[in-house]
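Peer 1: Chains as they are written, first to last, in the working numbering: chain A, 1257 to 1593; chain F, 1257 to 1593. Supplied in structure tokens, the structure appears directly below.
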């Protein structure tokens, strides 16, 4: 099979290789008519750009990286669908990198990415990420857009949901259901989303005059075993909580199982609300009250902003930031019977 | 900051750049002692290889691709963890590509990958994949290893679970629980895993003398809406099934919700068993009987075989194939009360 090169396309169309290259790169220097001719022939001959060569030459890979902590959480799997919808439509490849909630891994991936694999990155930081230099360094060379879990620096587009307000709403929902001893469970001290949700939580506790000594934010940590023992300890205290707000989806199963083991009835003895996008929330026993985040929309917005910037290098990404609200879905786990 | 190059490492260690390069590439031509010295200095100086340059030079990217249909299914999110555990340990990068169950997307990704991004690929084919030429073509240039959803061609390592046997066991489990009208729900006609599970299903129906006219395999298709209407139609038939085997995790929520809407009680009126790895199976209402697949182990085995081959190009990958058994976990959804 003959290899289809830019040179061959140029010969066939009686154009220079530079013109073909620019046309394929969608350069504004080339007329739409010429681009059309080039694209049609390229398609007809099944031309595939040599990613490495073209990236060295044009310094563009038509590829974006997505750094996320994990894919087991349905927030991220849904957000990926939003990202890929936009990327596919614009002819971009998406490379997905998992940090597994490790700062060191996040640093290594960003460092590797600086060597030409991608044109930019979308990221939701790991739960360990408490310093931002690696992202600032990356941002000096390639555009980066945050979604959901953001950093104060670098200055760029941040696609978030109304976490502070949702922390407040979740707490208020439990207070209205009669809870007096409410605990918020987190997995990290440094994550933006957790500190926002915590702030909303503390504001609601203060506004409604609950005893702050009985209402705290507890860090369960990342390890499954640690989470389980923290939960068992919490639920066997003398003044155990009568309301729990889980800030991470995966805590749901642990909470339900711990309650089952300890004979604690949800929602009678303990009301539970979870920041979660899992479809199975409605078929749990009891069905789970959730703060449902706009995962698909956040992914889509982040990808849209990054691709807009890649097309227009003068764009100020920070101006593209959006806050897309979440929704509280009240279900059986917070029912007042 | 000074850029750390191979040349600089060579100067510091008083070795040739070729030696440094070979040492970093773990060549058998270089002694372990020299490799150790090179690695230690490289680490100390924070040397990062230029992926593009080194890939052009050595035709090795130290990167593997993983092609999977989606990440919303917990099988794939867990398998990814198995793959990344091995890759990280061996110093390989993992690029994750989602086919979104589309054959065209799968073809496009493999084609793109031939242009030098990766050293090999792990894949679980899309539900649309009914022709293999694109994989055979890829396999001629780069090694590919299948896991879970495999193809007859090309000849290579296939990491699978005992799908045929599990199809049989699931069916037998429902028959022993008293079911006479059992339906298996699938999402594809071409997937290896589905045809194996179907064969086990039909064998069990025949062995136990159930009426095959009342026991069929139904393809619900890929679209959510189509799945829901197929389910509603099925559950409103005159002789509606008294047992369902769902071959895909995401069908669980649809089945439970359809039963709720139609006032069908699980397990009293209908027993349900699902091929699923979701942690929440135990907290559903009722808890879900599952065939739990060795997702982590399959991912790990696939990555191990591919990296073994990359180290030893003479390796016959087909010899590395493994079948790792799944486990039936009986729970509330198939209880006989």
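Think of the CB as a built atom: it goes at the ideal place given N, C-alpha and C, for glycine as much as any other residue.
List, from N- to C-terminal side, the alpha helix (DSSP H) runs of 4 residues or more that fit wholly inside the segment 1291-1368 of chain A.
Peer 2: 1307-1314 and 1330-1345
Peer 1: Would a check of beta-carbon distances place residue 1509/F closer than 9 Å to chain A?
Peer 2: yes
Peer 1: DSSP three-state call for residue 1257/A: helix, strand or coil?
Peer 2: For residue 1257/A, the predicted model reports a pLDDT of 42, less than 50, meaning its position is unreliable; a value from the coordinates is still stated below. Coil, per DSSP.
Peer 1: Compare the C-alpha of residue 1432/F against each of 1521/F, 1263/F, 1498/F and 1360/F and name the closest.
Peer 2: Looking at 1521/F, 1263/F, 1498/F and 1360/F, the one whose alpha-carbon comes closest to that of residue 1432/F is 1498/F.
Peer 1: Does residue 1442/A come out as helix, strand or coil in the three-state DSSP assignment?
Peer 2: In the structure shown, the three-state DSSP call for residue 1442/A is strand.
Peer 1: Can you tell me where the alpha helix (DSSP H) with residue 1499/A in it begins and where it stops?
Peer 2: That residue, residue 1499/A, is in no alpha helix (DSSP H); its beta strand (DSSP E) goes 1499-1502.
Peer 1: Tell me which residues share the same chain as residue 1358/F and place their Cβ nearer than 7 Å to its Cβ, disregarding the 5 neighbours each side in the sequence.
Peer 2: So the list reads 1382 and 1384, once near-sequence residues are dropped.
Peer 1: Does DSSP put residue 1272/A in a helix, a strand or coil?
Peer 2: coil
Peer 1: Measuring straight from C-alpha to C-alpha, what distance separates residue 1524/A and residue 1592/A?
Peer 2: 8 Å
Peer 1: Look up residue 1428/A in the DSSP assignment and say whether it is helix, strand or coil.
Peer 2: Helix, per DSSP.
Peer 1: Counting beta carbon pairs with one atom in the segment 1415-1427 of chain F and one in the segment 1552-1563 of chain F, are three or more of them shorter than 8 Å?
Peer 2: yes
Peer 1: Given a cut-off of 9 Å, decide if residue 1336/F and residue 1352/F are closer than it, judged by their beta-carbon atoms.
Peer 2: yes
Peer 1: Within 10 Å of its beta-carbon, does residue 1473/A have 16 or more other beta-carbons around it, so buried, or fewer, so exposed?
Peer 2: By the 10 Å Cβ count, residue 1473/A comes out buried.
Peer 1: Could you tell me the alpha carbon to alpha carbon distance between residue 1589/A and residue 1328/A, rounded to whole angstroms?
Peer 2: Cα to Cα, the separation comes out at about 23 Å.
Peer 1: Using a Cβ-Cβ cutoff of less than 6 Å, which residues in the same chain neighbour residue 1577/A once the five nearest sequence positions on both sides are dropped?
Peer 2: 1413 and 1414
Peer 1: So with CB distances below 9 Å, who are the chain A contacts of residue 1540/F?
Peer 2: 1536, 1539, 1540 and 1541
Peer 1: So, with DSSP's three-state summary, where would you put residue 1418/F?
Peer 2: coil
Peer 1: Note down the Cα distance separating residue 1543/F from residue 1261/F, rounded to an integer number of angstroms.
Peer 2: 58 Å
Peer 1: For residue 1471/F, I'd like the list of residues in its chain whose CB is within less than 6 Å of its CB, leaving aside the five on either flank, ordered along the chain.
Peer 2: 1438 and 1461
Peer 1: Return helix, strand or coil for residue 1377/F, following the three-state DSSP convention.
Peer 2: strand
Peer 1: What does DSSP give as the partner residue(s) for residue 1540/F in the beta ladder?
Peer 2: 1540/A
Peer 1: Given a cut-off of 9 Å, decide if residue 1286/F and residue 1299/F are closer than it, judged by their beta-carbon atoms.
Peer 2: no
Peer 1: Around the C-beta of residue 1343/F, are 16 or more other C-beta atoms found within 10 angstroms, so that it is buried, or is it exposed?
Peer 2: buried
Peer 1: Could you work out which residue in 1530/F, 1536/F, 1568/F and 1561/F is closest to residue 1582/F when comparing CA atoms only?
Peer 2: 1530/F
Peer 1: Which same chain residues end up closer than 6 Å to residue 1273/A when comparing Cβ atoms and leaving out the 5 residues on each side of it in sequence?
Peer 2: 1262, 1263 and 1266
Peer 1: Please report the Cβ distance between residue 1339/A and residue 1376/A, rounded to the nearest whole angstrom; I am assuming they are in contact, meaning their Cβ atoms lie under 8 Å.
Peer 2: That pair is no contact at about 12 Å.
Peer 1: I want to verify the contact list: residues of chain F whose CB lies under 7 Å from the CB of residue 1327/A, in sequence order.
Peer 2: 1327, 1333 and 1336
Peer 1: Give me the subset of the segment 1357-1373 of chain F whose CB atoms are less than 7 Å from a CB atom of chain A, sorted by chain position.
Peer 2: 1367, 1368, 1371, 1372 and 1373
Peer 1: Rounded to whole angstroms, how far is the Cβ of residue 1401/A from the Cβ of residue 1558/A, which I believe are closer than 8 Å?
Peer 2: 5 Å
Peer 1: If we ignore side chains and look at the alpha-carbon of each, how far apart do residue 1313/A and residue 1394/A end up?
Peer 2: Note that residue 1313/A has pLDDT 38, beneath the 50 cutoff, so the model's placement of it is unreliable and no number is given.
Peer 1: Of all the residues that make up the segment 1405-1436 of chain A, which are near chain F by a beta-carbon distance shorter than 7 Å?
Peer 2: none
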